[in-house]
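Structure first, then comments.
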Amino acid sequence: MAELSVFIGWDSREDIAYQVAKETLLENASIDVDVHPIKLQDLIDRGVYTREVDPLASTEFTYSRFFTPWLADYKGWALFCDCDFLFFGDVADLLQYRNENHAVACVHHDYTPKEGVKMDGKIQTTYPRKNWSSFMLFNCDHPSTRKLTPELVNRESGAFLHRLQWAADSEIGEIPEEWNWLEGWSQKPTTGYPKGVHYTNGGPWFKNWQDVEYSQRWLDKAYAIDPGFAPA
Numbered sequence: 111m112a113e114l115s116v117f118i119g120w121d122s123r124e125d126i127a128y129q130v131a132k133e134t135l136l137e138n139a140s141i142d143v144d145v146h147p148i149k150l151q152d153l154i155d156r157g158v159y160t161r162e163v164d165p166l167a168s169t170e171f172t173y174s175r176f177f178t179p180w181l182a183d184y185k186g187w188a189l190f191c192d193c194d195f196l197f198f199g200d201v202a203d204l205l206q207y208r209n210e211n212h213a214v215a216c217v218h219h220d221y222t223p224k225e226g227v228k229m230d231g232k233i234q235t236t237y238p239r240k241n242w243s244s245f246m247l248f249n250c251d252h253p254s255t256r257k258l259t260p261e262l263v264n265r266e267s268g269a270f271l272h273r274l275q276w277a278a279d280s281e282i283g284e285i286p287e288e289w290n291w292l293e294g295w296s297q298k299p300t301t302g303y304p305k306g307v308h309y310t311n312g313g314p315w316f317k318n319w320q321d322v323e324y325s326q327r328w329l330d331k332a333y334a335i336d337p338g339f340a341p342a
C-alpha cells in the first residue's frame, strides 16, 4: 500500500497539465505514491455526482475534488491538488503536517486576485479562503472529513465546500506556502524553487502564456511527455 494517495483534478481541456503535475510529483517523490485523476464523467457515470452544472465553475473538478475522502474509502491521509501544478518538492515532506486532530491541512492563503477573467476566459471569482481548496491534505477518517459524503458534496454550496466550513477552524492545519506557490502572486524564493508551483491564472499550455515563472521547466516536461504538444 502506498504511503500517500494523491488525487489530481482532471479537466478534459487540460490533460497535458494533469500529466505534467503527475509526472513531476512522482519523479520528485521519495515515498511510494499512488496518483489518481478525479474525472467528473467517471463520477457521473457511477451515479454518485449529481450536481447541476454551475456556470461559475472554472474547471470540471470545481466540486468533484471533495470526493477525495470518499475515493480513498475514508481511510488514512490523501492529498488533493489542482491539475495546474508543477512540482519541484518531495511529497514525503508533507507527511510531517499530518495531525490526527486535524480534518485537513492546506496553505492558508490571503489571496485577492486583481484579474476579473482567467486566461481561458473563465470568470475569476473572489471569496474568503480562495485557493485553500486547491491543495488539501485530507485526514480521511476524521469525523469532520467523513461528513464529505457524495450526498453532502452534491447538495452543499460552493462557499460551504471551498471555505472548508465542513470542518471547525481548529481542525484546519497549515502547510507552508511553498507547497501552493501561486504564480504571479507569491514571492519568488531567493534560492531554489517552490515545492509546488500553482498556475492559478493560466499556464504554459495556453498560447501567449509562456512568460510565467518556471515556464520552461513546465514546457520541457510537457514536450517529453508528448512531443506533439502545442499550446492551445
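Read left to right, the sequence shown gives residues 111 to 342 (the working numbering). Cβ atoms here follow ideal geometry from the backbone N, Cα and C, with glycine treated the same way. No experiment lies behind these values; they were computed from the predicted model shown.
Exposure label - residue i; buried when at least 16 CB within 10 Å
| i | result |
| --- | --- |
| N241 | buried |
| M246 | buried |
| Y128 | buried |
| I285 | buried |
Between the CA atoms of residue j and residue i - distance to the nearest angstrom
| i | j | result |
| --- | --- | --- |
| E261 | A167 | 19 angstroms |
| L274 | T172 | 14 angstroms |
| V217 | R256 | 21 angstroms |
| M111 | A202 | 15 angstroms |
| E266 | T301 | 42 angstroms |
| V158 | L181 | 11 angstroms |
| K132 | S174 | 18 angstroms |
Same chain, Cβ closer than 6 angstroms to residue i, five either side skipped, listed in chain order
| i | result |
| --- | --- |
| Y309 | D194 and E293 |
| A213 | N249, H252, S254, T255, A277 and E281 |
| V322 | E293 |
Terminal residues of the alpha helix (DSSP H) in which residue i lies
| i | result |
| --- | --- |
| G268 | G268 to H272 |
| L181 | T178 to L181 |
| D152 | L150 to D155 |
Beta-bridge partners of residue i, as assigned by DSSP
| i | result |
| --- | --- |
| H308 | F195 and L292 |
| E137 | None, per the DSSP bridge assignment. |
| W187 | N249 |
| S325 | Its beta-bridge partners do not exist; DSSP assigns none. |
| S254 | Note: S254 sits in no beta bridge, so no partner. |
Range covered by the beta strand (DSSP E) that runs through residue i
| i | result |
| --- | --- |
| L205 | Neither: L205 is in no beta strand (DSSP E) and is coded neither H nor E. |
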